[in-house]
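J.:
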Amino acid sequence: MNDAILKINNLEISFYTHVGEVRAVRDVSFSVKKGEILGIVGESGSGKSTVLLGIMGLLQHPGKIKAGEIIFEGENLAVKSNKEMQHIRGKKISMIFQDPMSSLNPVFTVGNQIAETIMTHEHVSRKDANKRVLELLELVRIPSAKSRINCYPHEFSGGMRQRAMIALALACSPQMLLADEPTTALDVTIQAQMMDLLRDIRKELDTTIILVTHDLGVVSEMCDYVQVMYGGRLMEEAVCRDIFDAPGHPYTKGLLRSIPNVKKGSRERLKPIEGSPPDLITPFDGCPFAFRCPSTMNLCMEGASQEWEIGEKHRCACHLCNPQVQALLKEGGIE
Amino acid sequence: MMEKKELLKVNGLKKYFPVKKGFGKGSMQYVKAVDNVNFTIYKGETFGLVGESGCGKSTTGRTLIRLYDVTEGEILFEGTDISRMRERELLPYRKKMQMIFQDPYSSLNARMTVSDIIGEPLDIHRLASGKERQDRIAKLLEDVGLKQEHANRYPHEFSGGQRQRVGIARALAVNPEFIICDEPISALDVSIQAQVVNMLEDIQEQYGITYLFIAHDLSMVRHISDRIGVMYLGQLVEIAESDELYENPQHPYTQALLSAIPDPYKDKEKSRIMLEGEVPSPINPPKGCRFASRCKYASDICREAEPELKEIEKGHFCACHLNEK
Numbered sequence: 102m103n104d105a106i107l108k109i110n111n112l113e114i115s116f117y118t119h120v121g122e123v124r125a126v127r128d129v130s131f132s133v134k135k136g137e138i139l140g141i142v143g144e145s146g147s148g149k150s151t152v153l154l155g156i157m158g159l160l161q162h163p164g165k166i167k168a169g170e171i172i173f174e175g176e177n178l179a180v181k182s183n184k185e186m187q188h189i190r191g192k193k194i195s196m197i198f199q200d201p202m203s204s205l206n207p208v209f210t211v212g213n214q215i216a217e218t219i220m221t222h223e224h225v226s227r228k229d230a231n232k233r234v235l236e237l238l239e240l241v242r243i244p245s246a247k248s249r250i251n252c253y254p255h256e257f258s259g260g261m262r263q264r265a266m267i268a269l270a271l272a273c274s275p276q277m278l279l280a281d282e283p284t285t286a287l288d289v290t291i292q293a294q295m296m297d298l299l300r301d302i303r304k305e306l307d308t309t310i311i312l313v314t315h316d317l318g319v320v321s322e323m324c325d326y327v328q329v330m331y332g333g334r335l336m337e338e339a340v341c342r343d344i345f346d347a348p349g350h351p352y353t354k355g356l357l358r359s360i361p362n363v364k365k366g367s368r369e370r371l372k373p374i375e376g377s378p379p380d381l382i383t384p385f386d387g388c389p390f391a392f393r394c395p396s397t398m399n400l401c402m403e404g405a406s407q408e409w410e411i412g413e414k415h416r417c418a419c420h421l422c423n424p425q426v427q428a429l430l431k432e433g434g435i436e
Numbered sequence: 292m293m294e295k296k297e298l299l300k301v302n303g304l305k306k307y308f309p310v311k312k313g314f315g316k317g318s319m320q321y322v323k324a325v326d327n328v329n330f331t332i333y334k335g336e337t338f339g340l341v342g343e344s345g346c347g348k349s350t351t352g353r354t355l356i357r358l359y360d361v362t363e364g365e366i367l368f369e370g371t372d373i374s375r376m377r378e379r380e381l382l383p384y385r386k387k388m389q390m391i392f393q394d395p396y397s398s399l400n401a402r403m404t405v406s407d408i409i410g411e412p413l414d415i416h417r418l419a420s421g422k423e424r425q426d427r428i429a430k431l432l433e434d435v436g437l438k439q440e441h442a443n444r445y446p447h448e449f450s451g452g453q454r455q456r457v458g459i460a461r462a463l464a465v466n467p468e469f470i471i472c473d474e475p476i477s478a479l480d481v482s483i484q485a486q487v488v489n490m491l492e493d494i495q496e497q498y499g500i501t502y503l504f505i506a507h508d509l510s511m512v513r514h515i516s517d518r519i520g521v522m523y524l525g526q527l528v529e530i531a532e533s534d535e536l537y538e539n540p541q542h543p544y545t546q547a548l549l550s551a552i553p554d555p556y557k558d559k560e561k562s563r564i565m566l567e568g569e570v571p572s573p574i575n576p577p578k579g580c581r582f583a584s585r586c587k588y589a590s591d592i593c594r595e596a597e598p599e600l601k602e603i604e605k606g607h608f609c610a611c612h613l614n615e616k
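Going down the list, the protein sequences come from chains P and A. Position in the first sequence (from 1) plus 101 gives the number in the working numbering. Position in the second sequence (from 1) plus 291 gives the number in the working numbering.
Written out as structure tokens, the structure reads:
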């Protein structure tokens, strides 16, 4: 793929805590095309947010990129110093966080905070910056933007704060927007407005978006391409519809079975995935899902599977997708 | 379905929280969190209560169980009004009504072991002691899918899903007839949510418990509830059986809310009703219908008169002027 804007190769991120090394992201590789909306889904602790923080160079102290490359516009972000990252962060790649109240500074006005970002990265006067702020607030559809410029974050409602966050992220027209659970803290009607806004931004500004979420419904409506993460590894990746219509990995299948279907409204029992998510502190080389998987084989305990191509642009990291294993299973020569 | 027997009837329930703005007399204002709510819950059913944050659904739940004092109105539990009872008179009812909270991290005392947490209600109501108490705790742990060896551990040793199970065991300890579940699954991971929902259904079947299930996850509410009430800004706008509500929503707010659910298996043709603006402040809610400022069908009468919750079809109640003619 030549038009990939971001390419991640064998990324490993670990947190070195006092009880041992937590391998939050293991051997993750993927690429994002320009103008695409990529969704990363997973449960808490699956490493999906850590990947984003790694790309932004925002990993906090015990966390470190252990190995791997993050190639953005031909440069490896993984080896850049904090100072070098400052020229990229906010200007070329920016991020939206889950909780807008704790990501905005309560003692500065919203307009002030957005103008500050613009003035840091571009050499413009305060006046020009303020003009741009107004445009941005109108772009994210804050009603009567002119009078809202001098408001403090606490004067905004939850939905408006999230809009202000998006305006802040877009301040320097970045090529890429990383969104970490942008709609989780919002109500469904506001969530619908927010999804609409992000889609429009992609259309108007051709921004590439990586959207991290645990909500499969949001993914299905927003994304072109989806990746499923579990226990720090990529389990499956496919074009959005394929994940829902033809899931390949037992984890993806289990996840889809455990959400009730709104349309049918059947009262039939849900089929949960038994057990609980893995503890990443215990070193384990097998498939992270092996302990909860209904079709675990001895093979799964020994090592995690590589990614197998199971359809067009559809890759799945499960031993069951290995043609050799499939052949052996047919003969009954494996357990 | 069994014959319907009323377990809980709520008449004109109001809960106002005072807020002080400025100085002097007349500066007292009220957040009208719950404003004139009427509904009935029948024995053995699950009544779902949905709405966006700030609509008063949790306040309703907490007022029903008398964690908050009632500003006005009646709460009839098996025919007895408990809305004005003193704490001492209320004690027997505390045994019949229990609550499961949203956050499994802050609703368990971190300094108590699991067996103490589950055993505490048994002690307060003097239901069991000694060997009997031990056996009861063991049975409760088994009911919620925890193991015997978990009894002597502390809450921090458990995952979110397991903690929620402890909270459910505590609610079950006194053999309640009615449990208020205040967003019991929204803090849990998707794969764990289904486990807890299945467990709640098993317990209901086994002990014949009635649930009030408060949630904002609309697809899960449809799955678990027999009937559903939709709240907006402190008032109930629609009540119906769950399938009826989802297939034939009558109130414009319900229609918009349901169309906003992101659903992986949604029909492509169904278009989304996008609501403009945001929920008005509950301090001085607008006159007339509270939804009028965001409703595309709003006419003059909506801004003048408050619509009443009326039965438009059997078992389907809706508060909207559009249904009056």
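Using N, Cα and C, we set each Cβ at its ideal position, and we do this for glycine too.
#1: In the DSSP assignment, find the unbroken alpha helix (DSSP H) run with residue 321/P in it and report its ends.
#2: Report the neighbours of residue 390/P on chain A: residues whose CB is nearer than 9 Å to its CB, in chain order.
#3: Just to make sure I have the definition right: I need the residues of chain A whose C-beta is within less than 9 Å of the C-beta of residue 81/P. Which are they?
#4: Comparing alpha-carbon positions, which option in 156/P, 350/P, 293/P lies nearest residue 406/P?
#5: For residue 447/A and residue 401/A, what's the separation of their Cα atoms in angstroms?
#6: Relative to the C-alpha of residue 295/A, which residue among 319/A, 314/A, 331/A is closest?
#7: Using the C-alpha atoms, what's the distance from residue 183/P back to residue 143/P?
#8: Output yes if chain A places a C-beta closer than 7 Å to the C-beta of residue 374/P; else output no.
#9: Have a look at residue 522/A and residue 365/A and give me their C-alpha separation to the nearest angstrom.
#10: Compare the C-beta of residue 566/A against all C-beta atoms of chain P and say whether one is closer than 7 Å.
#11: In or out: residue 594/A buried (at least 16 other Cβ within 10 Å) or exposed?
#12: Contact check, residue 361/P vs residue 444/A under 8 Å by CB: the rounded distance?
#13: The alpha helix (DSSP H) with residue 212/P in it runs from where to where?
#14: Below 7 Å between beta carbons is the criterion; list the residues of the stretch 122 to 148 of chain P that meet it against any residue of chain A, in chain order.
#15: Do residue 306/A and residue 384/A have their beta-carbon atoms positioned less than 7 Å apart in this structure?
#16: Identify whether residue 607/A lies in helix, strand or coil by the three-state DSSP scheme.
#17: Which partner residues does residue 471/A have in the DSSP bridge list?
#18: Within its chain, find whatever has a CB closer than 6 Å to the CB of residue 406/A; leave out the 5 residues flanking it on each side and keep chain order.
#19: Once DSSP output is grouped into helix, strand and coil, what is the label at residue 164/P?
#20: First and last residue of the beta strand (DSSP E) that includes residue 531/A?
#21: Could you confirm whether any beta carbon from chain P is found closer than 7 Å to the beta carbon of residue 292/A?
#22: Quick one: which chain A residues come within Cβ less than 7 Å of residue 384/P?
#23: Provide the residue span of the alpha helix (DSSP H) that contains residue 422/A, from first to last.
#24: Can you find a C-beta in chain A that's less than 7 Å from the C-beta of residue 338/P?
#25: Could you give the uninterrupted runs of the alpha helix (DSSP H) lying entirely in the stretch 368 to 423 of chain P, keeping only those of 4 residues or more?
#26: Is the Cβ-Cβ distance between residue 398/P and residue 387/P less than 7 Å?
#27: What residue does the alpha helix (DSSP H) around residue 376/A start on, and which one ends it?
#28: For residue 340/A and residue 334/A, which I take to be in contact (beta-carbon distance under 8 Å), what is that distance rounded to the nearest angstrom?
#29: Helix, strand or coil, according to DSSP, for residue 155/P in the structure here?
#30: When you compare the CB of residue 416/A with every CB in chain P, is at least one pair closer than 7 Å?
#31: Find out if the Cβ-Cβ distance for the pair residue 133/P, residue 106/P is shorter than 7 Å.
#32: Output needed in chain order: residues of the stretch 467 to 497 of chain A with a Cβ under 8 Å from some Cβ in chain P.
#33: Inspect the beta-carbon positions of residue 327/P and residue 169/P and report whether they are closer than 7 Å.
#34: With H, G and I counted as helix, E and B as strand and the rest as coil, what does DSSP make of residue 564/A?
#35: Spell out whether any CB of chain P is found under 7 Å from the CB atom of residue 604/A.
#36: Is there a Cβ of chain P sitting closer than 7 Å to that of residue 390/A, yes or no?
T.: Answer, in terms of the structure:
#1: Run containing residue 321/P: 317 to 323, per the alpha helix (DSSP H) assignment.
#2: Ordered by position in chain A, no residue passes the 9 Å Cβ test against residue 390/P, which lies about 10 Å from the chain.
#3: This structure gives no information on residue 81/P, because the portion of chain P shown stretches from 102 to 436.
#4: 350/P
#5: 7 Å
#6: 331/A
#7: About 28 Å.
#8: yes
#9: 19 Å
#10: yes
#11: exposed
#12: Not quite, the Cβ-Cβ distance comes to about 32 Å (not below 8 Å), so this is no contact.
#13: Start and end: 211 to 222.
#14: 144, 145
#15: Cβ atoms of residue 384/A and residue 306/A: not closer than 7 Å.
#16: strand
#17: 390/A, 503/A
#18: 428, 442
#19: strand
#20: 526 to 532
#21: Caution is warranted here: a pLDDT of 46 is assigned to residue 292/A, below 50, making its placement in the model unreliable, and the coordinate value is therefore given only provisionally. Taking Cβ atoms only, chain P never reaches closer than 7 Å to residue 292/A, which makes this a no.
#22: Ordered by position in chain A, no residue passes the 7 Å Cβ test against residue 384/P, which lies about 20 Å from the chain.
#23: 421 to 434
#24: no
#25: 399 to 403
#26: no
#27: From DSSP, residue 376/A is part of no alpha helix (DSSP H); its letter is neither H nor E.
#28: With a Cβ gap of about 17 Å, residue 340/A and residue 334/A do not count as contacting.
#29: helix
#30: no
#31: yes
#32: 480, 481, 482, 483, 484, 485, 486, 488, 489, 492
#33: no
#34: coil
#35: no
#36: no
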